[in-house]
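Novice: The structure follows.
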Amino acid sequence: MIRDTLARLALLLVGLIVASVLIFLTLRVLPGDVAQLIAGTDGTPAQVAAIRERLGLDEPLPAQYLDWIGGVLRGDFGTSLLTGTPVMDELLQKAAVTVPLGVMAMVVALLIAFPFGVLSAMARGRASGTALNVGAQALAAVPVVWAGMMLIVVFAVWLGWLPAQGFPRSGWDDPAAAVRALLLPALTIGIVEGAMLLRFVRSATLQAVGEDFVRTAAAKGLTRNAALVRHGLPTVGLSVITVLGLQVAGIVVGAVVIEQLFTLPGIGRMLVTDVGARDLPKVQGELLALTGFVLIVGFVVDLVHRVLDPRQREAT
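Note that the numbering used here has the sequence shown beginning at 1171, numbered continuously upward.
Listed below in C-alpha coordinates is the structure:
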(Lines of atoms letter the chains of each structure in order from A and count residues from 1; the text may use other names and numbers.)
(Lines give C-alpha, C1' and ligand atoms only; values in the text may rest on other atoms or scores of the structure.)
Protein backbone atom coordinates (compact mmCIF):
# COMPACT_ATOMS: atom_id res chain seq x y z
CA MET A 1 0.00 0.00 0.00
CA ILE A 2 2.78 2.43 0.95
CA ARG A 3 4.79 1.54 -2.15
CA ASP A 4 1.72 2.00 -4.36
CA THR A 5 0.93 5.35 -2.73
CA LEU A 6 4.49 6.58 -3.28
CA ALA A 7 4.33 5.44 -6.92
CA ARG A 8 1.09 7.36 -7.44
CA LEU A 9 2.57 10.39 -5.68
CA ALA A 10 5.50 10.24 -8.10
CA LEU A 11 3.03 10.11 -11.02
CA LEU A 12 1.26 13.15 -9.57
CA LEU A 13 4.52 15.09 -9.45
CA VAL A 14 5.34 14.05 -13.03
CA GLY A 15 1.87 15.15 -14.10
CA LEU A 16 2.33 18.55 -12.44
CA ILE A 17 5.72 19.03 -14.12
CA VAL A 18 4.36 18.05 -17.55
CA ALA A 19 1.35 20.34 -17.06
CA SER A 20 3.59 23.26 -16.07
CA VAL A 21 5.77 22.77 -19.18
CA LEU A 22 2.74 22.58 -21.48
CA ILE A 23 1.15 25.68 -19.91
CA PHE A 24 4.41 27.63 -20.23
CA LEU A 25 5.04 26.64 -23.86
CA THR A 26 1.42 27.08 -24.95
CA LEU A 27 1.31 30.67 -23.70
CA ARG A 28 4.60 31.46 -25.43
CA VAL A 29 3.27 30.47 -28.87
CA LEU A 30 0.19 32.69 -28.64
CA PRO A 31 0.26 35.49 -31.22
CA GLY A 32 1.20 39.00 -30.09
CA ASP A 33 4.08 40.57 -28.18
CA VAL A 34 3.53 41.09 -24.47
CA ALA A 35 6.22 43.78 -24.29
CA GLN A 36 4.60 45.65 -27.19
CA LEU A 37 1.20 45.32 -25.49
CA ILE A 38 2.53 46.86 -22.29
CA ALA A 39 4.37 49.63 -24.12
CA GLY A 40 1.25 50.50 -26.08
CA THR A 41 0.80 51.25 -29.75
CA ASP A 42 3.03 54.33 -29.50
CA GLY A 43 5.87 52.52 -27.70
CA THR A 44 9.29 52.90 -29.30
CA PRO A 45 11.47 49.87 -30.13
CA ALA A 46 13.80 50.92 -27.32
CA GLN A 47 10.96 50.98 -24.82
CA VAL A 48 9.71 47.59 -26.00
CA ALA A 49 13.23 46.15 -25.72
CA ALA A 50 13.60 47.58 -22.21
CA ILE A 51 10.31 46.02 -21.11
CA ARG A 52 11.28 42.69 -22.64
CA GLU A 53 14.59 42.76 -20.77
CA ARG A 54 12.90 43.79 -17.48
CA LEU A 55 10.44 40.90 -17.72
CA GLY A 56 13.11 38.42 -18.77
CA LEU A 57 11.38 37.77 -22.09
CA ASP A 58 14.68 38.08 -23.95
CA GLU A 59 16.05 35.06 -22.08
CA PRO A 60 16.01 31.57 -23.67
CA LEU A 61 12.80 29.64 -23.02
CA PRO A 62 14.43 27.06 -20.70
CA ALA A 63 15.82 29.89 -18.53
CA GLN A 64 12.41 31.60 -18.44
CA TYR A 65 10.70 28.34 -17.45
CA LEU A 66 13.21 27.53 -14.69
CA ASP A 67 12.90 31.07 -13.33
CA TRP A 68 9.08 30.80 -13.27
CA ILE A 69 8.83 27.29 -11.83
CA GLY A 70 11.51 28.10 -9.25
CA GLY A 71 9.37 30.97 -8.05
CA VAL A 72 6.28 28.74 -7.96
CA LEU A 73 8.12 26.24 -5.74
CA ARG A 74 8.86 29.11 -3.35
CA GLY A 75 5.18 30.18 -3.40
CA ASP A 76 5.86 33.10 -5.73
CA PHE A 77 3.67 32.93 -8.85
CA GLY A 78 5.04 36.25 -10.13
CA THR A 79 3.50 39.69 -10.42
CA SER A 80 0.63 40.77 -12.63
CA LEU A 81 1.80 42.82 -15.60
CA LEU A 82 -1.35 44.93 -15.54
CA THR A 83 -2.12 45.45 -11.84
CA GLY A 84 1.35 45.06 -10.35
CA THR A 85 0.00 42.86 -7.54
CA PRO A 86 1.36 39.41 -6.62
CA VAL A 87 -0.45 36.67 -8.56
CA MET A 88 -0.69 34.52 -5.42
CA ASP A 89 -2.62 37.24 -3.59
CA GLU A 90 -5.15 37.53 -6.42
CA LEU A 91 -5.48 33.74 -6.68
CA LEU A 92 -6.27 33.44 -2.98
CA GLN A 93 -8.78 36.28 -3.20
CA LYS A 94 -10.60 34.78 -6.20
CA ALA A 95 -10.44 31.26 -4.78
CA ALA A 96 -12.74 32.46 -1.99
CA VAL A 97 -15.46 32.50 -4.67
CA THR A 98 -14.46 29.62 -6.95
CA VAL A 99 -13.76 26.97 -4.29
CA PRO A 100 -17.09 27.38 -2.42
CA LEU A 101 -18.86 27.43 -5.79
CA GLY A 102 -17.23 24.13 -6.75
CA VAL A 103 -18.01 22.53 -3.38
CA MET A 104 -21.66 23.60 -3.55
CA ALA A 105 -21.95 22.35 -7.14
CA MET A 106 -20.50 18.99 -6.12
CA VAL A 107 -22.98 18.70 -3.23
CA VAL A 108 -25.87 19.48 -5.59
CA ALA A 109 -24.59 16.91 -8.10
CA LEU A 110 -24.38 14.19 -5.43
CA LEU A 111 -27.82 15.02 -4.02
CA ILE A 112 -29.25 14.57 -7.51
CA ALA A 113 -27.17 11.65 -8.75
CA PHE A 114 -27.11 9.20 -5.87
CA PRO A 115 -30.78 8.94 -4.81
CA PHE A 116 -32.25 9.33 -8.28
CA GLY A 117 -29.64 7.03 -9.84
CA VAL A 118 -30.48 4.29 -7.34
CA LEU A 119 -34.23 4.86 -7.78
CA SER A 120 -33.84 4.71 -11.56
CA ALA A 121 -32.05 1.35 -11.29
CA MET A 122 -34.52 -0.11 -8.78
CA ALA A 123 -37.42 0.97 -11.00
CA ARG A 124 -35.88 -0.49 -14.15
CA GLY A 125 -38.54 -1.69 -16.54
CA ARG A 126 -41.19 0.56 -15.04
CA ALA A 127 -42.40 3.91 -16.35
CA SER A 128 -40.82 5.83 -13.46
CA GLY A 129 -37.40 4.28 -14.07
CA THR A 130 -37.60 5.01 -17.79
CA ALA A 131 -38.66 8.60 -17.09
CA LEU A 132 -35.71 9.15 -14.71
CA ASN A 133 -33.26 7.65 -17.20
CA VAL A 134 -34.56 9.72 -20.12
CA GLY A 135 -34.63 12.86 -17.97
CA ALA A 136 -31.02 12.32 -16.91
CA GLN A 137 -29.90 11.87 -20.51
CA ALA A 138 -31.72 15.03 -21.56
CA LEU A 139 -30.25 17.10 -18.70
CA ALA A 140 -26.73 15.77 -19.35
CA ALA A 141 -26.99 17.04 -22.93
CA VAL A 142 -28.04 20.55 -21.88
CA PRO A 143 -25.28 23.20 -22.36
CA VAL A 144 -24.37 24.65 -18.99
CA VAL A 145 -24.84 28.23 -20.24
CA TRP A 146 -28.40 27.52 -21.40
CA ALA A 147 -29.19 25.80 -18.09
CA GLY A 148 -27.89 28.86 -16.25
CA MET A 149 -29.99 31.22 -18.35
CA MET A 150 -33.14 29.16 -17.71
CA LEU A 151 -32.50 29.16 -13.95
CA ILE A 152 -31.98 32.93 -14.03
CA VAL A 153 -35.31 33.40 -15.82
CA VAL A 154 -37.20 31.19 -13.36
CA PHE A 155 -35.61 31.92 -9.97
CA ALA A 156 -34.36 35.48 -10.47
CA VAL A 157 -36.73 37.07 -12.99
CA TRP A 158 -40.07 35.29 -12.46
CA LEU A 159 -39.87 34.32 -8.77
CA GLY A 160 -37.32 36.88 -7.58
CA TRP A 161 -35.94 34.46 -5.00
CA LEU A 162 -32.25 34.66 -5.86
CA PRO A 163 -29.90 37.28 -7.39
CA ALA A 164 -29.22 36.86 -11.10
CA GLN A 165 -25.65 38.18 -11.05
CA GLY A 166 -22.86 39.51 -8.89
CA PHE A 167 -21.25 38.77 -5.55
CA PRO A 168 -21.42 40.90 -2.35
CA ARG A 169 -18.72 43.57 -2.13
CA SER A 170 -18.23 42.57 1.50
CA GLY A 171 -17.52 39.00 0.35
CA TRP A 172 -17.89 36.37 3.06
CA ASP A 173 -18.28 39.03 5.77
CA ASP A 174 -21.99 38.54 4.98
CA PRO A 175 -22.21 34.72 4.63
CA ALA A 176 -25.96 34.63 3.90
CA ALA A 177 -25.64 37.06 0.98
CA ALA A 178 -22.58 35.22 -0.34
CA VAL A 179 -24.37 31.85 -0.27
CA ARG A 180 -27.43 33.37 -1.99
CA ALA A 181 -25.16 34.75 -4.74
CA LEU A 182 -23.62 31.30 -5.32
CA LEU A 183 -26.82 29.23 -5.18
CA LEU A 184 -27.94 29.67 -8.79
CA PRO A 185 -24.44 29.16 -10.26
CA ALA A 186 -23.97 26.06 -8.08
CA LEU A 187 -27.38 24.70 -9.11
CA THR A 188 -26.52 25.28 -12.77
CA ILE A 189 -23.27 23.29 -12.61
CA GLY A 190 -24.63 20.75 -10.15
CA ILE A 191 -27.73 19.86 -12.20
CA VAL A 192 -25.75 19.20 -15.38
CA GLU A 193 -22.92 17.32 -13.62
CA GLY A 194 -25.46 15.48 -11.44
CA ALA A 195 -27.33 14.24 -14.52
CA MET A 196 -24.07 12.84 -15.91
CA LEU A 197 -23.22 11.22 -12.59
CA LEU A 198 -26.77 9.84 -12.24
CA ARG A 199 -26.31 7.62 -15.26
CA PHE A 200 -23.13 6.19 -13.75
CA VAL A 201 -24.85 5.58 -10.39
CA ARG A 202 -27.66 3.80 -12.24
CA SER A 203 -25.21 1.53 -14.08
CA ALA A 204 -23.24 0.80 -10.89
CA THR A 205 -26.45 -0.03 -9.03
CA LEU A 206 -27.64 -2.38 -11.77
CA GLN A 207 -24.24 -4.08 -11.67
CA ALA A 208 -24.47 -4.40 -7.88
CA VAL A 209 -27.88 -6.07 -8.19
CA GLY A 210 -26.25 -8.89 -10.14
CA GLU A 211 -23.40 -9.43 -7.66
CA ASP A 212 -23.28 -12.77 -5.82
CA PHE A 213 -23.33 -11.20 -2.34
CA VAL A 214 -26.53 -9.31 -3.13
CA ARG A 215 -28.20 -12.44 -4.55
CA THR A 216 -27.03 -14.43 -1.51
CA ALA A 217 -28.51 -11.84 0.85
CA ALA A 218 -31.79 -12.02 -1.07
CA ALA A 219 -31.73 -15.81 -0.91
CA LYS A 220 -31.43 -15.60 2.90
CA GLY A 221 -34.77 -13.82 3.14
CA LEU A 222 -34.16 -10.17 2.35
CA THR A 223 -36.17 -8.49 -0.35
CA ARG A 224 -34.23 -7.50 -3.45
CA ASN A 225 -34.34 -3.82 -2.53
CA ALA A 226 -33.32 -4.48 1.10
CA ALA A 227 -30.39 -6.65 -0.06
CA LEU A 228 -29.35 -3.94 -2.49
CA VAL A 229 -29.52 -1.17 0.13
CA ARG A 230 -27.65 -3.13 2.81
CA HIS A 231 -25.00 -4.86 0.72
CA GLY A 232 -24.98 -3.29 -2.75
CA LEU A 233 -25.00 0.44 -2.13
CA PRO A 234 -21.62 0.50 -0.33
CA THR A 235 -19.98 -0.81 -3.51
CA VAL A 236 -21.91 1.76 -5.54
CA GLY A 237 -20.60 4.46 -3.21
CA LEU A 238 -17.02 3.30 -3.76
CA SER A 239 -17.51 3.43 -7.53
CA VAL A 240 -18.95 6.93 -7.28
CA ILE A 241 -15.90 8.10 -5.31
CA THR A 242 -13.72 7.19 -8.30
CA VAL A 243 -15.92 9.09 -10.74
CA LEU A 244 -15.99 12.14 -8.47
CA GLY A 245 -12.32 12.69 -9.24
CA LEU A 246 -13.20 12.95 -12.93
CA GLN A 247 -16.22 15.16 -12.22
CA VAL A 248 -13.98 17.77 -10.58
CA ALA A 249 -12.47 18.62 -13.97
CA GLY A 250 -15.97 19.15 -15.39
CA ILE A 251 -16.91 21.37 -12.48
CA VAL A 252 -13.77 23.48 -12.92
CA VAL A 253 -14.55 23.95 -16.62
CA GLY A 254 -18.17 24.72 -15.75
CA ALA A 255 -17.02 27.29 -13.18
CA VAL A 256 -15.00 29.16 -15.83
CA VAL A 257 -18.14 29.55 -17.98
CA ILE A 258 -20.62 30.12 -15.17
CA GLU A 259 -18.55 32.80 -13.45
CA GLN A 260 -18.77 34.77 -16.67
CA LEU A 261 -22.54 34.30 -16.94
CA PHE A 262 -23.24 35.22 -13.31
CA THR A 263 -20.52 37.92 -13.11
CA LEU A 264 -18.79 36.21 -10.20
CA PRO A 265 -15.30 37.48 -9.30
CA GLY A 266 -13.69 34.04 -9.28
CA ILE A 267 -10.61 32.44 -10.81
CA GLY A 268 -12.49 31.39 -13.96
CA ARG A 269 -13.65 34.92 -14.80
CA MET A 270 -10.23 36.32 -13.97
CA LEU A 271 -8.65 33.75 -16.30
CA VAL A 272 -10.82 34.76 -19.26
CA THR A 273 -10.03 38.44 -18.68
CA ASP A 274 -6.29 37.86 -18.28
CA VAL A 275 -6.03 35.71 -21.42
CA GLY A 276 -7.49 38.58 -23.42
CA ALA A 277 -5.07 41.03 -21.79
CA ARG A 278 -2.06 38.70 -22.32
CA ASP A 279 -1.13 38.99 -18.64
CA LEU A 280 1.21 36.00 -18.86
CA PRO A 281 2.28 35.65 -15.20
CA LYS A 282 -1.36 35.64 -14.04
CA VAL A 283 -2.56 33.29 -16.77
CA GLN A 284 0.31 30.88 -16.04
CA GLY A 285 -0.45 30.95 -12.34
CA GLU A 286 -4.22 30.52 -12.82
CA LEU A 287 -3.86 27.61 -15.25
CA LEU A 288 -1.28 25.88 -13.06
CA ALA A 289 -3.42 26.37 -9.94
CA LEU A 290 -6.54 24.95 -11.64
CA THR A 291 -4.64 22.04 -13.22
CA GLY A 292 -2.84 21.28 -9.96
CA PHE A 293 -6.16 21.36 -8.06
CA VAL A 294 -7.73 18.83 -10.46
CA LEU A 295 -4.69 16.51 -10.35
CA ILE A 296 -4.42 16.67 -6.55
CA VAL A 297 -8.14 16.00 -6.06
CA GLY A 298 -7.84 13.02 -8.41
CA PHE A 299 -4.89 11.71 -6.39
CA VAL A 300 -6.74 12.14 -3.07
CA VAL A 301 -9.91 10.49 -4.42
CA ASP A 302 -7.89 7.55 -5.72
CA LEU A 303 -6.14 7.24 -2.36
CA VAL A 304 -9.43 7.34 -0.44
CA HIS A 305 -10.88 4.71 -2.77
CA ARG A 306 -7.98 2.37 -2.09
CA VAL A 307 -8.23 2.89 1.67
CA LEU A 308 -11.97 2.17 1.73
CA ASP A 309 -12.03 -0.70 -0.78
CA PRO A 310 -10.38 -3.90 0.53
CA ARG A 311 -10.22 -5.33 -3.03
CA GLN A 312 -8.05 -2.41 -4.12
CA ARG A 313 -5.71 -2.88 -1.14
CA GLU A 314 -5.35 -6.59 -1.85
CA ALA A 315 -4.64 -5.88 -5.52
CA THR A 316 -1.68 -3.71 -4.49
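Using N, Cα and C, we set each Cβ at its ideal position, and we do this for glycine too.
Terminal residues of the continuous alpha helix (DSSP H) containing S1140?
Specialist: Residue 1140 falls outside the range modelled here, since the chain spans only 1171 to 1486, and no answer is possible.
Novice: Of all the options V1470, A1310 and L1458, which has the alpha carbon lying nearest to the alpha carbon of L1192?
Specialist: What you label residue 1192 is simply residue 22 of the sequence shown in a count that begins at 1. That would be L1458, whose Cα lies nearest to the Cα of L1192.
Novice: Closer than 7 Å by C-beta to A1387: which residues in its own chain qualify, once you throw out the five before and the five after it? Chain order, please.
Specialist: Within the sequence shown, residue 1387 is the residue found at index 217, counting from 1. Cβ within range, chain order: A1397, R1400 and H1401.
Novice: So, are the CB atoms of R1350 and L1329 less than 9 Å apart?
Specialist: Stepping through the sequence shown from its first residue, residue 1350 is reached at position 180. Stepping through the sequence shown from its first residue, residue 1329 is reached at position 159. The answer is no: Cβ separation not under 9 Å.
Novice: Could you tell me if I1172 is buried or exposed, where buried requires 16 or more neighbouring beta carbons within 10 angstroms of its beta carbon?
Specialist: The count along the sequence shown starts at 1 and reaches residue 1172 at position 2. Exposed, by the Cβ-count rule.
Novice: Can you give me the Cβ contacts of S1190 inside the same chain, cut-off strictly under 7 Å, excluding the 5 residues immediately before and after it?
Specialist: Here residue 1190 is taken as the residue at index 20 of the sequence shown, counted from 1. Non-local C-beta neighbours of S1190 in its own chain, meaning closer than 7 Å and more than five positions away in sequence, comprise I1239 and L1458, ordered along the chain.
Novice: So T1253 is in the alpha helix (DSSP H); what residue range does that whole segment cover?
Specialist: Counted from its first residue, the sequence shown places residue 1253 at position 83. DSSP places T1253 outside any alpha helix (DSSP H), giving it a letter other than H or E.
Novice: Given a cut-off of 9 Å on the beta-carbon distance, is the pair L1200 and R1439 in contact?
Specialist: For the purposes of this step, residue 1200 is taken as the residue at position 30 of the sequence shown. For the purposes of this step, residue 1439 is taken as the residue at position 269 of the sequence shown. A distance of 9 Å or more separates the beta carbons of L1200 and R1439.
Novice: Let me confirm a value: K1452 is counted as buried when at least 16 other C-beta atoms fall within 10 Å, else exposed. Which label applies?
Specialist: Residue numbering aside, residue 1452 sits at position 282 when the sequence shown is read from its first letter. Looking at its Cβ environment, which holds 16 or more other Cβ atoms inside 10 Å, K1452 is buried.
Novice: Determine the direct distance from the alpha carbon of L1225 to that of G1245, and round the result to whole angstroms.
Specialist: In the sequence shown, the residue the question calls residue 1245 occupies position 75. In the sequence shown, the residue the question calls residue 1225 occupies position 55. In a straight line, the C-alpha of G1245 is about 19 Å away from that of L1225.
Novice: Let me make sure I understand the geometry here. Which of V1422, L1281, G1210 and A1291 has the alpha-carbon closest to that of L1252?
Specialist: By 1-based counting over the sequence shown, the position of residue 1252 is 82. With distances taken between Cα atoms, L1252 lies closest to G1210.
Novice: Bridge partners of T1393, per DSSP?
Specialist: On the sequence shown, position 223 is the one that residue 1393 refers to. For T1393, DSSP records no beta bridge to any residue.
Novice: Measuring alpha carbon to alpha carbon, tell me which of R1198, R1222 and V1324 ends up nearest L1231.
Specialist: Here residue 1231 refers to the residue found at position 61 when the sequence shown is read from its first residue. Closest by alpha carbon: R1198.
Novice: To the nearest angstrom, how far is the alpha carbon of V1470 from that of L1321?
Specialist: Against the sequence shown, residue 1470 aligns to sequence position 300. Against the sequence shown, residue 1321 aligns to sequence position 151. Approximately 33 Å, taken between the alpha carbons.
Novice: At the level of alpha carbons, what is the spacing between A1113 and G1248?
Specialist: Residue coverage of the chain in this structure runs from 1171 to 1486, which leaves residue 1113 outside it and unanswerable.
Novice: Closer than 8 Å: is that where the CB of L1251 sits relative to any heavy atom of the ligand NAD?
Specialist: By its list of ligands, the structure shown contains no ligand whatsoever, and the ligand NAD lies outside what it can speak to.
Novice: Starting from I1322 and walking both ways along the alpha helix (DSSP H), at which residues does that stretch end?
Specialist: For the purposes of this step, residue 1322 is taken as residue 152 along the sequence shown, with counting starting at 1. Careful: I1322 lies outside any alpha helix (DSSP H) and carries neither H nor E.
Novice: Run through the DSSP bridge pairs and tell me what T1249 is partnered with.
Specialist: Your numbering for residue 1249 matches position 79 in the sequence shown. DSSP output for T1249 lists P1256 as bridge partner(s).
Novice: I'd like to check one pair, E1456 with L1271: are the Cβ atoms closer than 9 Å?
Specialist: Within the sequence shown, residue 1271 is the residue found at index 101, counting from 1. Within the sequence shown, residue 1456 is the residue found at index 286, counting from 1. Cβ atoms of L1271 and E1456: not closer than 9 Å.
Novice: Going by other Cβ atoms of all chains shown within 10 Å of its Cβ, with 16 needed for buried, is N1303 buried or exposed?
Specialist: Your numbering for residue 1303 matches position 133 in the sequence shown. With at least 16 other beta carbons inside 10 angstroms of its own, N1303 counts as buried.
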